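Asks: Let me give you the structure first, and then I'll get to my questions.
In the working numbering, the protein residues as written are 3 to 180.
Written out as structure tokens, the structure reads:
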């Protein structure tokens, strides 16, 4: 450590402040911040500059990550109260037949001797038969207990990286190790 540097722990022991109102947006974040950066050297010449930059960064970053965590908590709560798995399967078959008895051809006699064609020909046609049926295919609705537990575990595992990302947002405020 250089001769004129100060760690976060020394800053706090000397009466330095943290942006507690911004840090309060995420439960337990202030303690995580202290534990993560306690041995890190402040990257500014004065404590006042550090506090101003820390406060500004917290005002920008904390609401975004608080929202991410709140959304994740709401998703988990929704999974806990999601309906149980239900299976639906319905198949309805039916046939409609439309028949016409007027299909056919009729010819009026006698034939015209000059052309050897009938005097008049009439053709009638009906509609073809129509078959109709409806299928409602099988589908599942809701979650089984196993699916619910696996999703909740996956979401809880993803919550830790959100806090890690949030802490990393404050890393530029501290000096790097060269």
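For glycine and all other residues, C-beta sits at the position ideal for the given N, C-alpha and C. Source: prediction; values computed, not measured.
Would residue 152 pass as a contact of residue 81 if the rule is Cβ separation under 7 Å?
Replies: It is not a contact, given that the beta carbons lie outside the stated cut-off.
Asks: Within 10 angstroms of its Cβ, does residue 19 collect 16 or more other Cβ (buried), or is it exposed?
Replies: Answer is exposed; the Cβ neighbour count stays below 16.
Asks: In angstroms with no decimal places, state the Cα-to-Cα distance between residue 9 and residue 157.
Replies: Approximately 35 Å, taken between the alpha carbons.
Asks: Taking the C-alpha atoms as reference points, what is the distance between residue 49 and residue 84?
Replies: Computed Cα separation, rounded: 50 Å.
Asks: Kindly list the residues whose CB is nearer than 6 Å to the CB of residue 3, restricted to its own chain and excluding five residues on each side of it in sequence; keep chain order.
Replies: Any reading at residue 3 must be qualified, since the residue scores a pLDDT of 46, below 50, and its modelled position is unreliable; the value itself is stated next. Nothing listed; no residue qualifies.
Asks: Hey, which unbroken runs of the beta strand (DSSP E) at 3 residues or more fall wholly within the stretch 33-98?
Replies: Fully enclosed beta strand (DSSP E) runs of 3 or longer: 88-95.
Asks: Let me know the secondary structure DSSP gives residue 25 once reduced to three states.
Replies: Reduced to three states, the DSSP call for residue 25 is helix.
Asks: Starting from the C-beta of residue 55, find all residues in its chain whose C-beta is less than 7 Å away, skip the five residues before and the five after it, and write them out in chain order.
Replies: Closer than 7 Å at Cβ, skipping near neighbours: 46, 175.
Asks: Grab me the residues of residue 74's own chain with a C-beta within less than 8 Å of its C-beta, minus the 5 sequence neighbours each way, in chain order.
Replies: 157, 160, 161, 164.
Asks: Here's the rule I'm using: 16 or more other beta-carbon atoms within 10 Å means buried, otherwise exposed. How should residue 24 be labelled?
Replies: Burial call: buried.
Asks: Can you tell me the Cβ-Cβ gap for residue 87 and residue 144, rounded? I've got them flagged as a contact below 8 Å.
Replies: Right, the Cβ-Cβ distance comes to about 4 Å (below 8 Å), so this counts as a contact.
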